[in-house]
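> Below you will find the structure I want to go over with you.
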Amino acid sequence: MITGMRTDYCGRLSRADIGRNVTVCGWVSRRREHGEHLAFVDLRDRTGIVQCVVDHAHDLRSEYVLAVTGTVRERPADTANPDLATGEIEIGDATVEVLSRSEPPPFQIDGRSDVDEMLRIRHRYLDLRNPRMHSNLVKRARVNAAIRRSMEAAEFIEVETPTLVASTPEGARDFVVPSRLHQGRFYALPQSPQLFKQLCMVGGIDRYYQIARCLRDEDLRADRQFEFTQLDLEMSFATGAEVRAVISTAVAEAVEEITGVRPAAMPEITWHEAIDRYGSDKPDLRFGLELVELSDLFTETGFNAFKAPAVRGLRVPSGGDISRNAVDDLTKQCQRWGAKGLVWMRVSAGESPLDGARSAAGGRLAVTSPVAKFMSDAEIDGVLERLGAEPGDMCYLVADTWRRASGVLGLLRLELGRPPVNEGGLHFLWVVDFPLFDDVNADGLPAPAHHPFTMPHTDDLETVAAASTRMAAGGGFDADTLLEVRSQAYDLVLNGWELGSGSVRIHRGDIQQQIFDLLGIEPAAAQERFGFLLDAFRFGAPPHAGFAFGIDRLAALLCGEENIREVIAFPKSQSGADPLTNAPSPISDVQLDELGLAIVAGDGELKHSVGDGELKHSVNDEEDES
Ligand code: ASP
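Numbering (numbering that gives the first Met the number 0), first residue to last: 0 to 625.
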C-alpha cells in the first residue's frame with residue numbers, strides 16, 4: 000500500500016514509531032501558529048490525522064496537499080490529545096513539500112454537522128475527505144465484499160446483464176435512451192435484471208448473482224434514488240425458503256463484517272400477520288405497540304362510527320400525557336392517511352377520575368374520550384381489557400375495512416413509537432405469502448402486487464385457474480376472491496425498511512397464461528413486452544426463484560444513516576438533479592439531430608427544430624438494414 004512518495008499513512012502512526020524518520024502525504028486539516036517559529040499542522044489522509052510541527056515560515060493553508068518528512072516523537076504529556084488516535088505522538092522537525100495548493104474550501108471539511116447538503120453534493124470531492132463519508136464508503140465496500148464472498152462460497156456465478164434493454168416488468172417508470180441507429184426507438188435502462196436472470200436459469204446457469212445497478216424514474220425519498228444497487232440473485236430447482244436462506248446468510252455476513260456481531264436468525268411471518276399485528280408489510284420490530292383486533296366487541300354497537308367491517312386498536316403505554324392539540328394533529332394525520340377519524344381514550348386510575356372521565360373496569364379505571372358517551376360500558380370495558388390498558392395509557396381506535404384500519408394504525412404506530420435510525424439494534428424479518436394482486440386498477444382489472452412472473456401460492460393455484468377461465472369466458476372476476484389469492488412472493492425487512500423482495504417464478508406456460516388473462520395482458524401485448532422470455536420458456540424452463548435486496552439501504556442502516564445519499568459517493572439531490580455535474584443537461588442540436596429528436600415545449604411548440612423539422616417514428620429493422 001505504501002508508495003514511493005510516503006513511508007506511512009498519517010492515521011496509522013503510533014508510539015511504536017517513535018524515533019522513526021517518516022514521510023506522510025495528505026491535506027492540511029488545521030494549522031495553528033506556535034510562538035514565532037513553529038506551526039502545528041494537522042495532516043489528514045484516508046486513515047486519519049497526525050500532528051506535524053513545521054517551520055512557521057511556510058504558507059500552509061487549509062486543504063493544501065503536502066508531503067511532510069520528520070521524526071516521530073512523543074508529545075509532551077500535557078499536550079497529548081486523547082480524542083485523536085495518533086494523539087500521543089507528533090512528527091517533529093518536519094520539512095514540508097507543498098504538492099498542491101487549494102482555494103479556501105466552501106465548507107469546513109472535518110466536522111460538518113450543519114453544512115448545507117446541497118453544498119456538500121456540489122463539492123462531493125471535498126465532502127468525501129470527511130471521515131464520516133469516508134468511513135461510510137469503506138463500510139459499503141466491505142458490505143459488497145462480504146456479499147460476494149458469501150455468494151461465491153455458495154457457488155453462485157456472477158453474470159453481468161445489459162444496461163441498454165427493452166422495458167422490464169417492475170412496473171415503475173423507465174428511464175429511456177433514444178437510439179441513433181434506429182431512430183424513433185428507445186432502449187430502457189433496466190429497472191432490474193429480472194428477465195435476464197430468468198433467461199440465465201433457462202440457460203442452465205443454475206445459480207446467478209450480480210451486484211446490479213437498477214434505474215427507476217420515481218420520486219426520490221430518503222430511501223430511494225433513481226439509481227440504486229442491489230444484490231440480485233436467481234436459483235434453479237430451489238424453493239423460496241432456500242432462496243431466503245441464501246439471502247439471510249449473505250446479509251448476516253455483511254452485518255457481521257460491519258458490526259462484528261452476527262444477527263440472530265431472521266424470523267418469518269406472513270403478510271397477513273404483518274398487517275394484522277403491525278399495520279404494515281414492512282414492520283419495524285424495534286418496538287412493540289402491536290395492533291389489536293376489537294371488531295367482535297362492536298358487532299351490536301349503537302355507535303355509528305364503529306359500524307364498520309373492522310375496529311382495531313393500539314395502546315400506547317404511559318402515552319396519556321399527550322396534549323389535546325397533539326391528539327388533534329394525530330387525528331388530522333390519520334384522516335390524511337385515509338381514516339374517517341381517530342377515536343382516542345385517555346386512561347386514568349378509577350379512584351381519581353379526571354374531569355369528564357367515565358368510570359370503567361368496575362371502577363378500577365376511568366376513561367376520558369369525546370366519544371365515550373356513545374359507547375356502552377361493556378364496549379369500553381372490552382376495549383380496555385383487550386388492550387391491557389393501565390392508568391396513564393392512551394388508546395387509539397380506528398374503524399374501517401381491516402386493511403385501511405390496520406394501515407392507518409400502522410402509520411400511527413410508527414409516528415408514536417419509531418426510534419431514531421441508529422437506536423434499537425437491527426431487526427430483520429421475512430414477510431412471506433404476499434397477496435398476488437394489490438387492488439383493482441382504474442380499468443377494473445386486478446393489479447399485480449409484483450411483476451407478472453410471480454408464482455401464485457400452491458394452495459391458491461386452483462382459484463387462479465378457475466378465475467381465469469371465468470374471465471376468459473367473459474364472466475369478469477370476483478374481486479374479493481382474487482384479492483385473497485396469495486403469491487409465493489417474499490420481502491426482507493430491516494427496521495421498517497423494505498430491504499428487498501423476490502419470489503418463486505412461474506415457469507409453466509399454462510399458469511403464466513392464466514395470470515396474463517387475469518391481468519388483461521393480451522397475447523400480442525405479452526409477446527411484445529416479454530416475448531423473448533416467453534419464447535425461452537418454450538425450450539425447457541427449470542423451476543426457479545430469486546430475490547434482490549438494496550445494498551444502499553442495508554449500508555445506510557449499518558452506517559446508522561437516515562438517508563441513503565450518505566452511503567452513495569455521488570448521489571442526486573432530492574429533485575433528481577445532480578448539483579455536481581449539472582445532469583440532466585440539454586444536448587446540442589447536432590446530437591438531437593443525430594437521434595432524430597426534437598424538443599417540444601409544454602405548449603406543443605417546437606423548441607429546437609431537427610433536420611427537415613419532421614419527427615421520424617418507429618423505423619423497423621429491415622428498412623434500416625436495407
Ligand atoms: N426484480 C425484483 C426487483 O428488483 C426482485 C426479484 O423479484 O428478484 O424488485
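Backbone N, C-alpha and C fix where the C-beta goes; we use that ideal spot for every residue, glycine too.
Everything numeric in this text was worked out from a predicted model, so none of it was measured.
Let's test the definition: count the other Cβ atoms within 10 Å of the Cβ of K615 and tell me whether it reaches 16, buried, or not, exposed.
Its pLDDT being 34, under 50, K615 is placed unreliably in this model, and the coordinates cannot settle the point.
> At 4 residues or longer, and completely inside the region 242-290: list those alpha helix (DSSP H) runs for me, N to C.
Segments of the alpha helix (DSSP H) lying fully in the region 242-290: 270-277.
> Give me the Cβ distance between D231 and P282, rounded to the nearest whole Å; I'm assuming they're in contact under 8 Å.
About 24 Å; that fails the 8 Å criterion.
> Rounded to whole angstroms, what's the CA-CA distance from L329 to L413? Just pull it up for me.
Distance between the alpha carbons of L329 and L413: 12 Å.
> Can you name, in chain order, every residue of its own chain whose Cβ lies under 7 Å from the Cβ of F155, other than the five neighbours on each side?
Once the five neighbours on either side are set aside, the close Cβ partners of F155 are R206, Y207, Y208 and L232.
> Taking the alpha-carbon positions, what's the S653 to D280 distance?
Because the chain in this structure spans residues 0 to 625, residue 653 falls outside the shown range and cannot be described.
> Is the beta carbon of W401 less than 9 Å from the beta carbon of S368?
Contact flag unset, no.
> Just confirm the distance between the C-beta atoms of G628 and L65, as a whole number of angstroms; I'd bet it's less than 8 Å.
Residue 628 is absent from the structure shown; the chain starts at 0 and stops at 625.
> If you run the structure through DSSP and keep just helix, strand and coil, what is P130?
P130: helix per DSSP, three-state reduction.
> Quick check: is any heavy atom of the ligand ASP less than 8 Å from the C-beta of F546?
Yes, the ligand ASP has a heavy atom inside 8 Å of this Cβ.
> Taking the beta strand (DSSP E) that S191 falls in, what are its first and last residues?
No beta strand (DSSP E) contains S191, which DSSP labels as neither H nor E.
> Which residue from H55, G530 and R311 puts its Cα closest to that of L194?
The candidate whose alpha carbon is nearest that of L194 is G530.
> Could you check if K138 is buried or exposed, using at least 16 other CB atoms within 10 Å of its CB as the buried criterion?
Classification for K138: buried.
> Exposed or buried, which one is G424 when buried takes at least 16 other CB atoms within 10 Å?
Flag for G424 reads exposed.
> So is the beta-carbon of S502 under 8 Å away from any non-hydrogen atom of the ligand ASP?
For the ligand ASP, at least one heavy atom lies less than 8 Å from the Cβ of S502.
> Beta carbon of K196: closer than 8 Å to some heavy atom of the ligand ASP?
At least one heavy atom of the ligand ASP is nearer than 8 Å to the Cβ of K196, so yes.
> Relative to the C-alpha of F627, which residue among V431, A478, A488 and A472 is closest?
In this structure the chain extends from 0 to 625, so residue 627 is not present and cannot be described.
> Hey, quick one: how far does the beta strand (DSSP E) through C213 stretch, first residue to last?
Counting along the chain, the beta strand (DSSP E) containing C213 begins and ends at R206 to L214.
> Measure the CB-CB distance between G387 and R314 and report whether it falls below 9 Å.
Contact flag set, yes.
> Confirm, please, whether the CB-CB distance from F174 to D216 is below 9 Å.
Going by C-beta atoms, D216 is nearer than 9 Å to F174.
> Using C-beta distances below 7 Å, list every residue in its chain close to A525, excluding the 5 sequence neighbours before and after it, in chain order.
Counting only Cβ-Cβ distances below 7 Å, and skipping sequence neighbours, we find F515 and L533.
> Tell me which same chain residues have a C-beta within less than 6 Å of the C-beta of Q128, skipping the five on either side of it?
Before going further, note that residue 128 is Arg rather than Gln in the sequence given. Around R128: I108.
> Name the residue from E292, S317, I321 and P316 whose alpha carbon lies nearest to the alpha carbon of P308.
Among E292, S317, I321 and P316, the Cα nearest to that of P308 is on E292.
> Once the 5 residues before and after T269 are set aside, which same chain residues still bring their CB inside 7 Å of it?
Only V431 and D432 meet the Cβ criterion.
> So, do the region 504-519 and the region 218-229 have three or more beta carbon pairs nearer to each other than 8 Å?
Not touching, per the Cβ criterion.
> Give me the DSSP bridge partner(s) of Q50.
Paired residue(s): D41.
> Run the proximity test for S659: is its beta-carbon closer than 8 Å to any non-hydrogen atom belonging to the ligand ASP?
Residue 659 is absent from the structure shown; the chain starts at 0 and stops at 625.
> Which of the three DSSP states is assigned to C558 in this structure?
If DSSP states are grouped into helix, strand and coil, C558 belongs with coil.
> Identify every run of the alpha helix (DSSP H) within the region 78-151, keeping only runs that are complete inside it and at least 4 residues long; order them along the chain.
Runs of the alpha helix (DSSP H) inside the region 78-151: 116-121 and 123-126.
> Using CA atoms only, rank isn't needed, just tell me which of I510, G473, G259 and R172 is closest to E461.
Per the Cα distances, I510.
> Give the C-beta separation of N135 and E560 to the nearest angstrom, bearing in mind that I take them to be a contact with Cβ-Cβ under 8 Å.
Right, the Cβ-Cβ distance comes to about 7 Å (below 8 Å), so this counts as a contact.
> Using 8 Å for Cβ pairs, my map puts F628 next to P262. What's the rounded Cβ distance?
Nothing about residue 628 can be reported from this structure: the residues present for the chain run from 0 to 625 only.
> Does the ligand ASP have a heavy atom nearer than 8 Å to the CB of H450?
Checking the Cβ of H450 against the ligand ASP gives yes.
> Smallest Cα separation from A187: which of G391, S166, L284 and M4?
The candidate whose alpha carbon is nearest that of A187 is S166.
> Take the Cβ of F538 as the centre, count every other Cβ of all protein chains shown within 10 Å, and call the residue buried at 16 or more, exposed below.
Counting Cβ neighbours within 10 Å, F538 comes out exposed, since fewer than 16 surround it.
> So, helix, strand or coil for R345, using DSSP?
Here R345 sits in strand by DSSP.
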